[in-house]
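Contents: one structure, followed by commentary.
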Amino acid sequence: MSILKTIQSPGDLKRLSPAQFPALCQELREQIIGVVSNVGGHLASNLGVVELTVALHYLLNTPQDKIVWDTSNQAYVHKLLTGRREGFHTLRQYGGLSGFCKREESEYDTFNAGHAGTGVSAAYGMVEAREQLKQRHKVVCIVGDGAMTAGMTLEGLQHAGALGKDFLVILNDNQMSISKNVGAISSYLNRSLTGVFYAKVREETGQLLGKIPHIGQDMQKLARRAEELAKGAILPGLLFEELGFRYAGPIDGHKFEYLLPTLENILKMKGPVLFHVITKKGLGYEPAVKNPVWFHACPPFVRETGAPAKKAARPSYTQIAIESLVKLARKDKRIVAITAAMCEGTGLNIFEKEFPDRLYDVGIAEQHAVTFAAGLATQGLRPVVAMYATFLQRAYDQVLHDVATQNLPVTFCIDRGGLVAEDGTTHHGAFDYAFLRHIPNMVVMAPKDENELQHMLTHSGGERSFRKAAGSGLDRRGSEARSICGDG
Ligand SMILES: Cc1ncc(C[n+]2csc(CCOP(=O)(O)OP(=O)(O)O)c2C)c(N)n1
């Protein structure tokens, strides 16, 4: 007897006993693996948040309480629990369910997303709206550790932390962006195990010192001071506490015996709270656990083996562009490449193999990527920024203000131009011509075929022509590159 089939809305979930949740999670995973193996999609991230999503819908009163999924590539379970199970097989197809949250699709989808790093800001807008309108519901934002590298997430946190309103941010930490997460915040979060150890030491020391009369009190104060210092070194929460959030966690996000009581308590807390949950990408499907990068956003695959359902017929534009870049970089040591957390999707993993020291993955930080490239160019290097058209939208001012007005020799290899089909509205590369052509000193090129594509880059070998290649529209042929490279 299927439990999932009895759930038309989160209200039905509340009628279940938590003892039934593991069986329900098993069914949810089966459903997701079955559909994604047919139509492609964001498999690994979704398999990682099954328990967390069930716990949230069980404890919250949605849609009055608001759940905001950052990026929302991990909202399949949320869709399955909020009345969309029967249409789930239409995922990411024309006229079917979106692969992301969409307000037009359901009242449970509170904010449309697809680009990373918008969650905290949007959710905090809802928090302030609640206060203005004198309402009482809860607002919860789930943000990945990858999206924590996006500047906007930090902008949102520092705004919310200062104002002290009730707001829960759940950090869904699976240590992965699409590839392994990068950057100093990611390293900071990875110290969580040391943090657990530290909390235990602190508790034991506190109890011991408190038992000594008189001196005990002062010693405790002293210990607390030392604790603050030590925390900075080993406890992940301090960063968030300094930003005005109470920090809770880290906790295993797959064990209901921890998740439910902790989340229940946290939901009663006042003020801004950050709850750190550790999850595993791909959990429940071995090929996705082994290769979470490929299964982040995969094309249809053979369920039994995890192999792609179709073999790529010919090399993608992406591959041709980066192989040409590698050839150029062998001759010109000034060439360096930059990606904003999209090493595989942009093909720069090919470049990285040969030039690991000349590849920069800056995290989900498109604006920084472009201005960083401009800085490199001022010193005589020849940076190539490889980015999807849709994500370059983020860095419009950086292209204009930091690269173009200084006429700096930066080349943009723009991938996924044109309509992108399955990923839908948020990912179409439909505006790149419009927002690049009017920029001074910018030359926009688009190849008609693979041959021209190689020459476009080769042509940009010399200093002058390299500059002219700024803004090359390298992947106009959309569909093949997409189905071969996947991602969203
Ligand atoms: C602005 C922007 N840049 C790049 C991407 C491509 N992208 C989609 S999901 C993702 C990784 C997100 O990692 P995380 O926030 O940890 O979420 P997870 O998928 O691990 O749950 C990236 C880089 C994007 N969606 N938006």
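Residue numbers (my numbering): 3 to 490.
Note that the Cβ used here is the ideal one computed from N, Cα and C, for glycine as well.
I believe residue i touches residue j by the beta-carbon criterion, under 8 angstroms. Please report the beta-carbon distance rounded to the nearest angstrom.
i: THR281; j: VAL51; result: 6 angstroms
i: VAL41; j: GLN95; result: 6 angstroms
i: PRO294; j: PHE303; result: Actually they do not touch by this definition, with Cβ atoms about 14 angstroms apart.
i: ALA331; j: ILE337; result: 4 angstroms
i: VAL391; j: GLY419; result: The sequence shown places Ala at residue 391, not Val. Correct: roughly 5 angstroms between the Cβ atoms.
i: ASP168; j: ASP147; result: Their Cβ separation, rounded to whole angstroms, is 24 angstroms, which puts ASP168 and ASP147 out of contact at 8 angstroms.
i: GLU29; j: SER4; result: 6 angstroms
i: PHE247; j: LEU165; result: Not really, about 11 angstroms apart at Cβ, beyond 8 angstroms.
i: THR307; j: GLY116; result: Going by Cβ atoms, the distance from THR307 to GLY116 rounds to 30 angstroms, so no, they are not a contact pair.
i: VAL412; j: ALA367; result: In fact, because the Cβ distance is near 16 angstroms, the residues do not count as touching under 8 angstroms.
i: VAL279; j: ILE172; result: 6 angstroms
i: CYS103; j: PHE113; result: 6 angstroms
i: LYS1; j: ASP67; result: What is shown of the chain runs 3 to 490, which leaves residue 1 out entirely.
i: MET154; j: GLY185; result: Actually they do not touch by this definition, with Cβ atoms about 15 angstroms apart.
i: ALA299; j: HIS80; result: That pair is no contact at about 17 angstroms.
i: ARG417; j: MET389; result: The sequence as given places Asp at residue 417; Arg does not occur at that position. At roughly 7 angstroms, the Cβ-Cβ gap stays under 8 angstroms, so ASP417 and MET389 are in contact.
Which two residues bound the contiguous alpha helix (DSSP H) that contains residue i?
i: ARG332; result: 319 to 333
i: VAL56; result: 52 to 61
i: ASN267; result: 258 to 268
i: VAL422; result: Run containing VAL422: none; DSSP gives neither H nor E here.
i: PHE247; result: Per DSSP, PHE247 belongs to no alpha helix (DSSP H) and is neither H nor E.
i: LEU438; result: 434 to 438
i: LEU156; result: 153 to 165
i: VAL522; result: With the chain covering 3 to 490 only, the question about residue 522 has no answer from this structure.
i: VAL291; result: 288 to 292
Under DSSP, the beta strand (DSSP E) around residue i begins and ends at which residues?
i: LYS16; result: From DSSP, LYS16 is part of no beta strand (DSSP E) but of the alpha helix (DSSP H) over 12 to 16.
i: ALA278; result: Per the sequence shown, the amino acid found at residue 278 is His instead of Ala. 274 to 280 is the extent of the beta strand (DSSP E) around HIS278.
i: TYR390; result: 384 to 390
i: VAL37; result: Unbroken run through VAL37 is the alpha helix (DSSP H), 23 to 41; no beta strand (DSSP E).
i: TYR190; result: No beta strand (DSSP E) holds TYR190; the alpha helix (DSSP H) holding it covers 186 to 191.
i: THR558; result: Any property of residue 558 remains undetermined from this structure, which presents the chain solely from 3 to 490.
i: VAL70; result: 68 to 71
i: LEU6; result: Counting along the chain, LEU6 falls outside any beta strand (DSSP E), and DSSP gives it neither H nor E.
i: LEU173; result: 169 to 175
i: GLY146; result: 141 to 146
Quiz item: Contact between the segment 344 to 356 and the segment 176 to 183: three or more CB pairs below 8 angstroms?
Solution: yes
*For the 8 angstroms Cβ check, are there 3 or more pairs between the segment 326 to 333 and the segment 82 to 98?*
no
task: Entirely within the segment 332 to 375 and at least 3 residues each: give me those beta strand (DSSP E) ranges in chain order.
output: Runs of the beta strand (DSSP E) spanning 3 or more residues and lying entirely within the segment 332 to 375 occur at 337 to 341 and 361 to 363, in chain order.
| message | Quick check for students: name the residue ranges of the alpha helix (DSSP H) that lie wholly in the segment 73 to 134, counting only runs of 4 or more. | response | 78 to 83 and 121 to 134
* Asked: Does the segment 94 to 109 come within contact of the segment 134 to 153, defined as at least 3 CB pairs closer than 8 angstroms?
  -> no
Could you tell me whether the segment 258 to 278 touches the segment 28 to 44, where touching means 3 or more Cβ pairs closer than 8 angstroms? no
field: Inter-stretch contact (C-beta, 8 angstroms, three-pair minimum) for the segment 352 to 372 and the segment 398 to 408
entry: yes
Does the segment 11 to 31 come close enough to the segment 53 to 65 that 3 or more CB-CB pairs lie under 8 angstroms?
Contact holds: three or more Cβ-Cβ distances are below 8 angstroms.
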